[in-house]
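Asks: Protein chains in written order, with this note's numbering: chain F, 1 to 354; chain D, 1 to 247. We put the CB at the ideal spot given by N, CA and C, even for glycine. Predicted model only: the values in this text are computed from it and were never measured.
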Amino acid sequence: MNGPGKMALYVALVIAAFLIPLVPVLQPYLIQFAFLWVMILFAMTWDVLGGQMGYNSFGNIVFFGVGMYATAVVQRDLYFTVEEYANVAGGDQAVLTPVEYLTGLGLGMGSGALLAVVIAAVLGSGILGLRGHYFAICTLGLGIAAGELASGWDYIGAGSGLVTPLLPDALGERGPFFYYLFLVLAVIAFAVLKRLYAGQFGLAINAIRDDEDKADALGLHATRYKTVAWCVSGFFLALTGGAFGNLVIFIDPTDVAFAGPTFGVWMVLMAILGGKGTLWGPVIGATVFHITQEIFWTYLFGWQRVALGLMIVVVVVFFPLGIVGWLRERWPQRFGEVVDEGARRVQVSLDGER
Amino acid sequence: MSAILEVENVTKTFGGVIANNSISLSVPKGSIIGLIGPNGSGKTTLFNSIVGHHPIDSGAVRFQGTELSRLRTPQIARLGLLRTYQQTRIFGKMNCVQNMQISLPHVDDSFATMLRKFPPEITERAESLLEFVGLYAKRQLRAEDLSFGQQKLLEFAMALMNEPITLLLDEPTAGINPTLINGLIDRLKRANAEFGITLFVIEHNMRVIMNLAQHIYCLAHGELLADGTPDEIQNDRRVIDAYLGAH
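1. Strictly under 7 Å for the Cβ-Cβ distance: is E78/D near chain F by that measure?
2. Buried or exposed for R334/F, going by 16 or more other Cβ atoms inside 10 Å?
3. Return the residue from the list A307/F, A238/F, G281/F that minimises the CA-CA distance to Q293/F.
4. Should H221/F be flagged as near chain D, meaning a C-beta pair shorter than 7 Å?
5. Straight-line CA distance for G5/F to G80/D?
6. Can you give me the C-alpha to C-alpha distance between S111/F and A70/F, rounded to a whole angstrom?
7. May I ask you to report which of helix, strand or coil DSSP gives A213/D?
8. Terminal residues of the continuous alpha helix (DSSP H) containing G129/F?
9. Would you mind listing the alpha helix (DSSP H) stretches within the segment 151-197 of chain F that are 4+ residues and don't spill past its ends, in chain order?
10. Near G59/D, what residues of its chain come up, given a Cβ to Cβ distance below 6 Å and the 5 sequence neighbours on each side ignored?
11. Would the segment 114-130 of chain F count as touching the segment 31-43 of chain F if we require 3 or more Cβ pairs under 8 Å?
12. Would you verify that the beta carbon of G104/F is, or is not, closer than 7 Å to some beta carbon of chain D?
13. Spell out a yes or no on whether the segment 70-77 of chain D and the segment 171-188 of chain F are touching, meaning 3 or more CB-CB pairs, one atom from each, closer than 8 Å.
14. Please give me, in chain order, every unbroken run of the alpha helix (DSSP H) with length at least 4 that falls completely inside the segment 17-90 of chain D.
15. Does the segment 142-151 of chain F touch the segment 194-206 of chain F, meaning 3 or more C-beta pairs lie closer than 8 Å?
16. Taking the continuous beta strand (DSSP E) assigned at V201/D, which residues delimit it?
17. Report the residue from F190/F, L196/F, M270/F whose alpha carbon sits nearest the alpha carbon of G322/F.
18. Looking at C-alpha atoms only, which residue of I208/F, F178/F, G234/F, S160/F is the closest neighbour of Q27/F?
19. Name, please, each residue of chain D whose Cβ falls closer than 8 Å to the Cβ of K214/F.
20. Got a sec: is the Cβ-Cβ distance from P172/D to anything in chain F below 7 Å?
21. Please list the partners that Y225/F has in chain D, where partner means a Cβ-to-Cβ separation under 7 Å.
22. Leaving out five residues before and five after A207/F in sequence, what residues of the same chain have Cβ atoms less than 6 Å from its Cβ?
23. Does DSSP put D109/D in a helix, in a strand, or in coil?
24. Excluding the 5 residues preceding and the 5 following R78/D in the sequence, name in chain order all residues of the same chain whose CB lies nearer than 8 Å to its CB.
25. Count the other CB atoms within 10 Å of the CB of V348/F; is the residue buried (16 or more) or exposed (fewer)?
26. Between the segment 180-207 of chain F and chain D, which residues of the former have a C-beta closer than 7 Å to a C-beta of the latter?
27. Across which residues does DSSP place D170/D in a beta bridge pair?
28. Provide the residue span of the beta strand (DSSP E) that contains V62/F, from first to last.
29. Whose Cβ in chain F lies nearer than 7 Å to the Cβ of F118/D?
30. Cβ of E329/F less than 7 Å from any chain D Cβ?
31. What does the Cβ neighbour count give for F156/D, buried or exposed, with the cut at 16 atoms within 10 Å?
32. Can you give me the C-alpha to C-alpha distance between R116/D and G134/D, rounded to a whole angstrom?
33. With 7 Å as the threshold, decide whether the Cβ of E355/F is near any Cβ in chain D.
34. What are the boundary residues of the beta strand (DSSP E) that L96/F is part of?
35. Suppose you measure from the CA of P28/D to the CA of R224/F; what does that come to, to the nearest Å?
36. For Y10/F, which residues from the same chain have a beta carbon less than 6 Å from its beta carbon, with the 5 sequence-adjacent residues on both sides left out?
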C-alpha cells in the first residue's frame, strides 16, 4: 500500500475507535474495550526490547506498578493526609471535585512516568550490559523484588493495598472516561513507536538484536540505545499503570501492580502471538489474545486457562514467528522485499565521498 | 610514508597456546598491506588484538599515535579503525539499505541524532555504495536472504559506509566465486585509491594477495616469519616451507 493510502487507513481506524462509545450495542462493553487498549499498550511496550531489540525482559511489569503506585500516592497526598485517607479508604467518602481529580491524575501519571524513566535509566545502565538469558533472568528477579518491596511498605498501604480516588460523577461514567483515556494513550504510544522505529533509533536496536558484536565493531553506542529503549518502554508502561490503578480502583501489590504471573507473562505472549519485532504484531496479538481470552472465559469456564495454554502451544509450534511474522514469511513481496532488476542507477559518483 | 598503524611486540596467549608471540609490524598511511600464514598461525588473533576484541598480554598497538590496547572495540571503531569478519557478520533480519544506513559513522551520536530520521543524503550514499559493490538491485531484500558471497560484499560496503581511515579485512574473498573475486580486487583497489582508505588484508588466496598488496607479512606458529614485497615473499624459502608443512 502506498503512503497516502496507509495514512487514510490509520486515520479511519482511529476515527472508528473514537466512535465506538457512541454505538448503543457496544456501550455495555466499554470497560472491556478499555482493557483491550491496556493489553495493546502492554504488548507494544514489551516489544520495544523483547521484539525490536531482542532483549527478553520479564521485569517490565515493574514500570507498570511504579506508575500505578506513584499516581495513586500523588492523588492521595495532594488532598489528604495518610491518616485521613486510611480512614476513608474503606468507604466511598474520598470525594474529589472533577478539577481535583484530573489534576491529581495528570500530575500523578506524569510523575509516575518520570520516575519510571529514572528507574529504567539507572537499572538499565547496570544490567543492560548483560546479554540474552542473563538479562532475562535478572529482570525476572526485578519484578518479584518490586512486588515484595511494595507488600512491605506501609506508606503505600503494604500488603493490604491502596485505594484510588473514585471518578467524580461530573466526569461521566467510568466506561467512556477510561475508554478514551486508554485509547488516547495507545494511539500516542503507537505513533511515537512508529516514528522511532522508522529512524536511526529503530535500526540501531534492530542491529543490536541481529548481531550486537557487529554493532559494537561499527562503533555504535549500544548501551546508550539500549537504555533509551528501556526508558521509552517504561515511560508508556508507567502512564498505563497510573491510569489502570484508577480504572480498577483497588491496587494490590502482587495481583494488580506487580502482577508478573498474569500481566507480566501476557505482555510477552501477546507480542509473540502477533509477531514480535513488527509494528502491528503486538497490536494484533493483543487483540486476538484479549478476545479469545474472553471467549474462553465465557464458554469454557473452569477450563479457560487450559484452553489458553493450548492456544499458546499451537501458536508457538505452528506459527513461531507470530501472525504478522508468518504473513511476512509467506508473502515477502507484500512487505517490500523485492528484487529491483530494472532500476539500475545510471552513474555512481565516488569522488568527494570522504 | 608514515605509519598509520603500528603493532609493537604484541603477545597474546590463550592458556598455554601462544597465539601471537612478540609481533611487530607497521602499516603505512594509504597503503595496502597483506597478512598471510597457514591456518592457525595467529592472523585473526592479531586482528582481534588490534581492534580490542580481547586484551593483549604485552606490547602496544598505536593508531595515528593513539594507544589502542586500553580502548574498547566501539571506541576504536569511532577512531576510524574498522574490521570485517572471516565469518561474515551482517544484520540478517534487516534489508540491505537498512544495513547500510545503520553503518554510518557513530562519532557524534547525540540524543537528537539517535532519534532522528535518516537524512536523504545518507540514504543516497547507502544506495551509491550498494551500487558500488553490485547489490543495488537487491537493496530491499533481507541481508540473510543474500548468498554468502553477496553478504561478504554487503559487509564490505557497510565498512565503507562507516568512512574508516583504515580497514582490516579478514579473508575478503573466501567463499566468493572466481569471477566475482576479480571485481572485488578492483573495488578494494578503488576504495584504497579513490577513498584513500588504508587496507590491511588477511588472505589465503595467493593470486589475490600478490595482486593487491604492496607489502606482505607472513605469520607462522604465532611468530612473524618473513616480510617483504610480493616477489620476495613468493620466493622466500621459509614461507614456502611453512605453507608446505616443513616448518
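Replies: Inspection of the coordinates gives the following:
1. As written in the sequence, residue 78/D is Arg, which differs from the Glu given in the question. Closer than 7 Å to some Cβ of chain F, the Cβ of R78/D qualifies, so yes.
2. The residue is exposed, with fewer than 16 neighbouring Cβ atoms inside 10 Å.
3. A307/F
4. Output row for H221/F: interface = yes.
5. 43 Å
6. So the two alpha carbons sit approximately 7 Å from each other.
7. coil
8. Unbroken run through G129/F: none, as it is neither H nor E.
9. Listed in chain order, they are 174-197.
10. Once the five neighbours on either side are set aside, the close Cβ partners of G59/D are E8, N9, V10, T11.
11. no
12. no
13. no
14. 43-50, 73-78
15. no
16. 198-202 is the extent of the beta strand (DSSP E) around V201/D.
17. M270/F
18. F178/F
19. Y85, R89, I90, F91
20. no
21. M114
22. A215
23. In the three-state reduction of the DSSP assignment, D109/D falls in the coil class.
24. P105, H106, V107
25. Note on V348/F: pLDDT 46, under 50, position unreliable in the model; the coordinate value appears next. So V348/F counts as exposed.
26. L196, A198, G199, Q200, F201, L203, A204, N206, A207
27. I202/D
28. Where V62/F is concerned, there is no enclosing beta strand (DSSP E), although the alpha helix (DSSP H) it sits in stretches over 61-79.
29. G199, Q200
30. no
31. buried
32. 29 Å
33. The structure shown does not extend to residue 355/F, since chain F is modelled only from 1 through 354, so no value can be given for it.
34. Membership of L96/F in any beta strand (DSSP E) is not indicated, and neither H nor E is assigned to it by DSSP.
35. 35 Å
36. none
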